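Here is the structure we will look at.
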Amino acid sequence: MKPVTLITGASGGIGSALARQLAPSHDLILTGRGGAALEALCTELGARPLILDLTRPETFERALAGLGRVTHLVHNAGVVDLGPVAEQEHAVWTHTLAVNTVAPAELTRLLLPRIREERGTVLFVNSGAGQRANAGWGSYAASKFALRALADALREEEAGRGVRVSTVYPGRTATPMQQRVRAQEGGEYDAGSYLGPETVAATLAFVLNAPRDALVSEISVRPAPR
Numbered sequence: 001m002k003p004v005t006l007i008t009g010a011s012g013g014i015g016s017a018l019a020r021q022l023a024p025s026h027d028l029i030l031t032g033r034g035g036a037a038l039e040a041l042c043t044e045l046g047a048r049p050l051i052l053d054l055t056r057p058e059t060f061e062r063a064l065a066g067l068g069r070v071t072h073l074v075h076n077a078g079v080v081d082l083g084p085v086a087e088q089e090h091a092v093w094t095h096t097l098a099v100n101t102v103a104p105a106e107l108t109r110l111l112l113p114r115i116r117e118e119r120g121t122v123l124f125v126n127s128g129a130g131q132r133a134n135a136g137w138g139s140y141a142a143s144k145f146a147l148r149a150l151a152d153a154l155r156e157e158e159a160g161r162g163v164r165v166s167t168v169y170p171g172r173t174a175t176p177m178q179q180r181v182r183a184q185e186g187g188e189y190d191a192g193s194y195l196g197p198e199t200v201a202a203t204l205a206f207v208l209n210a211p212r213d214a215l216v217s218e219i220s221v222r223p224a225p226r
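Position 75 of the sequence shown, counting from 1, maps to 75 under UniProt numbering, and the rest follow consecutively.
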């Protein structure tokens, strides 16, 4: 029986690359806000779409009703809005924390009974900003530091139930999100200087497919020197 893997933020970048790598050996549930990209990817891979609004975690329970088996949960969706603490208003902080931290916590809570039954994995796609906060990255880094805390606590809580909890910290990756980040930073976007999304996806797939006697708790992956 194939594992059933649910990936958030699956319609582009790292999410779609991971879906394509897993498709031959996993049944996939791909989440997003809907639209042609998600629909096309699900058609291509024979995956099930799941529409979720990550700003409204109160809607998750109804959306997940009747979902069936879930073996692995990959938290890949995220938002970033750069700016100094002196200038970012509370709405930016609230939105960033809601999508990057609160939504993963609630989705995990609701899916844990299924994941426990499968002795599956909860995998958090974090960021280098979850290990160090630089100027202008306060709200995003805070959300990713909190995501790390969520993963660390969950790992300890679920160890006795056979649930593996892992965090991957990718460096800059050649994705549309990175293009937006570079625009906010006022710099050039050079895809050749960054990790490829397929490289990060291969790292995530390695974590999910690791033999049952191994727990890969954390991995940092950075662009190699050019």
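Note that beta-carbon positions come from the ideal geometry of N, C-alpha and C, so glycine has one too.
The structure presented is a predicted model; accordingly, all values stated were derived computationally and were not measured.
Whole angstroms are fine: how far does the CA of residue j sit from the CA of residue i?
{"i": "residue 208", "j": "residue 73", "result": "10 Å"}
{"i": "residue 217", "j": "residue 223", "result": "21 Å"}
{"i": "residue 128", "j": "residue 200", "result": "13 Å"}
{"i": "residue 69", "j": "residue 193", "result": "39 Å"}
{"i": "residue 40", "j": "residue 25", "result": "20 Å"}
{"i": "residue 180", "j": "residue 92", "result": "16 Å"}
{"i": "residue 139", "j": "residue 82", "result": "8 Å"}
{"i": "residue 55", "j": "residue 94", "result": "10 Å"}
{"i": "residue 165", "j": "residue 188", "result": "36 Å"}
{"i": "residue 20", "j": "residue 197", "result": "11 Å"}
{"i": "residue 170", "j": "residue 133", "result": "15 Å"}
{"i": "residue 11", "j": "residue 182", "result": "21 Å"}
{"i": "residue 259", "j": "residue 225", "result": "Within the shown structure, residues of the chain are numbered from 1 to 226, placing residue 259 beyond reach of any answer."}
{"i": "residue 136", "j": "residue 45", "result": "38 Å"}
{"i": "residue 202", "j": "residue 66", "result": "30 Å"}
{"i": "residue 78", "j": "residue 219", "result": "19 Å"}
{"i": "residue 22", "j": "residue 122", "result": "15 Å"}
{"i": "residue 117", "j": "residue 153", "result": "20 Å"}
Run through DSSP, which three-state label would residue i get?
{"i": "residue 112", "result": "helix"}
{"i": "residue 85", "result": "coil"}
{"i": "residue 213", "result": "coil"}
{"i": "residue 243", "result": "No answer is possible for residue 243: it lies beyond the span of the chain, which begins at 1 and ends at 226."}
{"i": "residue 43", "result": "helix"}
{"i": "residue 164", "result": "strand"}
{"i": "residue 152", "result": "helix"}
{"i": "residue 143", "result": "helix"}
{"i": "residue 130", "result": "helix"}
{"i": "residue 71", "result": "coil"}
{"i": "residue 104", "result": "helix"}
{"i": "residue 136", "result": "coil"}
If you follow the alpha helix (DSSP H) that residue i is part of, which residue opens it and which one closes it?
{"i": "residue 15", "result": "13-22"}
{"i": "residue 95", "result": "90-97"}
{"i": "residue 181", "result": "176-185"}
{"i": "residue 64", "result": "60-64"}
Hey, could you find the ends of the beta strand (DSSP E) residue i is sitting in?
{"i": "residue 48", "result": "48-51"}
{"i": "residue 125", "result": "121-125"}
{"i": "residue 54", "result": "Note, residue 54: premise wrong, no beta strand (DSSP E); not H, not E."}
{"i": "residue 221", "result": "218-221"}
{"i": "residue 195", "result": "Note, residue 195: premise wrong, no beta strand (DSSP E); not H, not E."}
{"i": "residue 8", "result": "From DSSP, residue 8 is part of no beta strand (DSSP E); its letter is neither H nor E."}
{"i": "residue 32", "result": "27-32"}
If we count the other Cβ atoms within 10 Å of its Cβ and call it buried at 16 or more, is residue i buried or exposed?
{"i": "residue 215", "result": "exposed"}
{"i": "residue 213", "result": "exposed"}
{"i": "residue 228", "result": "What the structure shows of the chain is the stretch from 1 to 226, and residue 228 is not part of that stretch, so it cannot be assessed."}
{"i": "residue 75", "result": "buried"}
{"i": "residue 85", "result": "exposed"}
{"i": "residue 51", "result": "exposed"}
{"i": "residue 124", "result": "buried"}
{"i": "residue 206", "result": "exposed"}
{"i": "residue 144", "result": "buried"}
Closest Cβ-Cβ distance between residue i and chain C: below 8 Å?
{"i": "residue 159", "result": "Protein chain content of the structure displayed is limited to a single chain, and chain C is not contained in it."}
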